[in-house]
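Here's the structure, in structure tokens; my notes come after.
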Amino acid sequence: MRAAPIAAAVVAALLLAAPAAAQMVVQKPVLTLAGARAVLAAAEAKAVAMGLKVSVVVVDPAGVPIVSARMDDASMVGPEIALAKAKTAAGFRQPTKVMQQRLLEPEGLRMLTLPGTMVDGAVPVKAGAAVVGAVGVSGASSAQDGEIAEAGATAVR
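Going by mature numbering (1 follows the signal peptide of the UniProt record, and there is no 0), the letters in the sequence shown line up with residues -22 to -1, 1 to 135, in that order.
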């Protein structure tokens, strides 16, 4: 007799827990290798159109590189700087230009205590509202790097 109420309580608990368990895993869009290559190609095309030689790095949302390239005769340190910019844009989920501008605010020096490279030249890569990665560029002026990065990011929007 007691087994029936206990079994009913267990079944009820399992039924109530099922929706909560379903929310423990979410599906998110992912930037594929092909998508990252498209971002890289669009950024490189923009740099060529501007007559610039730069390095471009595309990372996933965690800042792990997917693809990178250093154009012929571009700076040897460019890939490292582009990676740092891309990691910053991915981590903060906003363009590094925004971070650079915040440095100029009255309490902006606090930004320097945060990890990252707060210099224009990287933007998040988005699929709808979701950040699926970032593209960082180095080798030209910061503003030009940012323009090239934006051109790359639009390849998959």
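Cβ atoms here follow ideal geometry from the backbone N, Cα and C, with glycine treated the same way.
Asked                                                                                                                                         : Found
Return helix, strand or coil for residue 143, following the three-state DSSP convention.                                                      : Because the chain spans -22 through 135 in this model, residue 143 falls outside it and cannot be assessed.
To which residues does DSSP link LYS104 through a beta bridge?                                                                                : VAL109
Between the region 98 to 107 and the region 58 to 68, are three or more C-beta pairs nearer than 8 angstroms?                                 : yes
Could you tell me the alpha carbon to alpha carbon distance between LEU90 and LEU81, rounded to whole angstroms?                              : 8 angstroms
If you measure between the beta carbons of PRO7 and ALA105, is that distance less than 8 angstroms?                                           : yes
Go through its chain and collect everything with a Cβ distance to ALA131's Cβ below 6 angstroms, but skip five positions before and after it. : VAL101, VAL103 and VAL113
From this set, VAL4, SER33, ALA12 and LEU9, which residue's C-alpha is nearest GLY124's C-alpha?                                              : SER33
What first and last residue would you give for the alpha helix (DSSP H) that runs through residue 137?                                        : Past the boundaries of the shown model lies residue 137; the chain is included only from -22 to 135, so the question cannot be answered.
Within 10 angstroms of its Cβ, does PRO57 collect 16 or more other Cβ (buried), or is it exposed?                                             : buried
In the DSSP output, what is PRO43 paired with across the bridge?                                                                              : VAL37
Distance check for PRO84 and VAL37, CA to CA, integer angstroms please.                                                                       : 32 angstroms
Among ILE(-17), ALA108, VAL26 and ASP51, which one has its Cα closest to the Cα of ALA129?                                                    : VAL26
According to DSSP, simplified to helix, strand and coil, what is GLY114?                                                                      : strand
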